[in-house]
Structure formats: structure tokens, C-alpha cells
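Working notes, beginning with the structure itself.
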Amino acid sequence: MRLTASTYGSPQARELTAELQAEYVQRYGSPDDAPLAAEELAPPSGAFFVAHAGEELVGMVGLRAHDGDDDTSPGAGLPSAEMKRLYVRAGHRRRGYARAILALTEQRALELGYGRLVLETGTEQPEAMALYAAQGYHRIPGFGHYSGEELSRCFAKVLRAG
């Protein structure tokens, strides 16, 4: 599996995002309404990738700068990125792609100068919460758009010490 730099507005990203939004509708009854601009997932402070296994498009992930000024969880003083839209197509799940995408995303966050990664997932995605816990992520209070959201679960991982 390999991650290839892309843009959030690319045809591949639009195709995968449509699939992901359909899954949100199935799991939660509506699409994700969190604000997300393509520019946030672009250099120099962000990144967006599509994942391929051979020639098959299997998933995507994005990074954007995270302003954690109101955050008091461990590592909150480190420059932080927020991981967005980690998604693996249904037909490619349970093969280790999400774990591989996550590891490569952490590496890329470090290369961009971030010392901590934060993310949000939902209560109807137990497989995602299990993945993050298994990879060393810890629950943190809801932030930004997700603050106080009942179905939201936020996590963080310190990638390097200050």
C-alpha cells in the first residue's frame, strides 16, 4: 500500500468523500457537517493523500493545522495537526490498510513539524475507536466543532516530545 499526495478537490478525493458521506448517513442518519476547506488540507501546513494497493484506490486521509489553545490534554502545548477523513473503502477493510494509512499519516505529520495528532470520530464507528486506542491514542475533550457533541469522540497522540 502507498500514499500519494493529492488534493481534497481531486476526482479521487471527491469519489471517496461521497462514499464516506453515504456511510455517515447510514450510521448517523445524516452526512458530516463539520466545516472543512480544501485549502486546510494543502501545504504548507496541511496535506491530503489517497491510498492505493497496487492500482486500486483503497482510501484517503488528510491533515490540517490544529489550534488547540483551549486544550489542556497531554501534549497540548506541542504544534498539533488534526487528522481528517481517514477512510478505507468497505471492500478493502480488515486488511491492515487503515493501520498503515494511520502510521504513514503520523510520519507525515512529524515531517510537517507537528508533535501531536488529534482527531474526531463518532460513537457509531467502534472499529475506528478500537484502531486509535490500539495505536496509542487517548481520549481528549471535544474540540472546535465537536465540543459538546454527544456522538463525538476526540483522541490525541503525542508523536514527539516538545
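What the sequence shown shows, in my numbering, is residues -19 to 142, in sequence order. Idealized CB from N, CA, C, for every residue including glycine.
inquiry  = Would Thr103 and Phe135 be called neighbours here (beta carbons separated by less than 9 Å)?
reply    = no
key: Pairwise C-alpha distance: Arg44 and Gly26   = 4 Å
query = Where do the N-terminal and C-terminal ends of the alpha helix (DSSP H) with Ala114 fall, by residue?
reply = Pro106 to Ala114
ask   = Among residues of its own chain, excluding the 5 on either side of Ala(-15), which ones have a beta-carbon nearer than 8 Å to its beta-carbon?
value = Ala27, Phe28 and Phe29
inquiry  = I need the straight-line Cα distance from Leu(-17) to Leu0, nearest angstrom please.
reply    = 18 Å
Residue of Gly93, Leu92, Glu91 and Tyr112 minimising C-alpha distance to Ala80 = Tyr112
task = Answer yes or no: do Pro11 and Tyr4 have a C-beta to C-beta separation smaller than 9 Å?
result = yes
inquiry  = Within 10 Å of its beta-carbon, does Ala89 have 16 or more other beta-carbons around it, so buried, or fewer, so exposed?
reply    = buried
request  = Give the range of the alpha helix (DSSP H) segment to which Glu91 is assigned.
outcome  = Tyr77 to Glu91
message = Within 10 Å of its beta-carbon, does Ser127 have 16 or more other beta-carbons around it, so buried, or fewer, so exposed?
response = exposed
inquiry  = Looking at the secondary structure, which residues open and close the beta strand (DSSP E) in which Leu99 lies?
reply    = Arg96 to Gly102
ask   = Beta carbon of Tyr94, beta carbon of Pro54: below 9 Å?
value = no
inquiry  = Taking the alpha-carbon of Gly124 as reference, which of Pro24, Glu62 and Leu(-4) has the nearest alpha-carbon?
reply    = Glu62
inquiry  = Taking 6 Å as the limit between beta carbons, can you name the residues of its chain near Val98, skipping five residues before and five after?
reply    = His46, Ser60, Glu62 and Ala136
query = Candidates Pro24, Leu(-4) and Tyr8: which alpha carbon is nearest Leu92's?
reply = Pro24
key: CB contact check: Arg88 to chain D, cutoff 9 Å   = The structure shown contains no chain D; it holds only a single protein chain.
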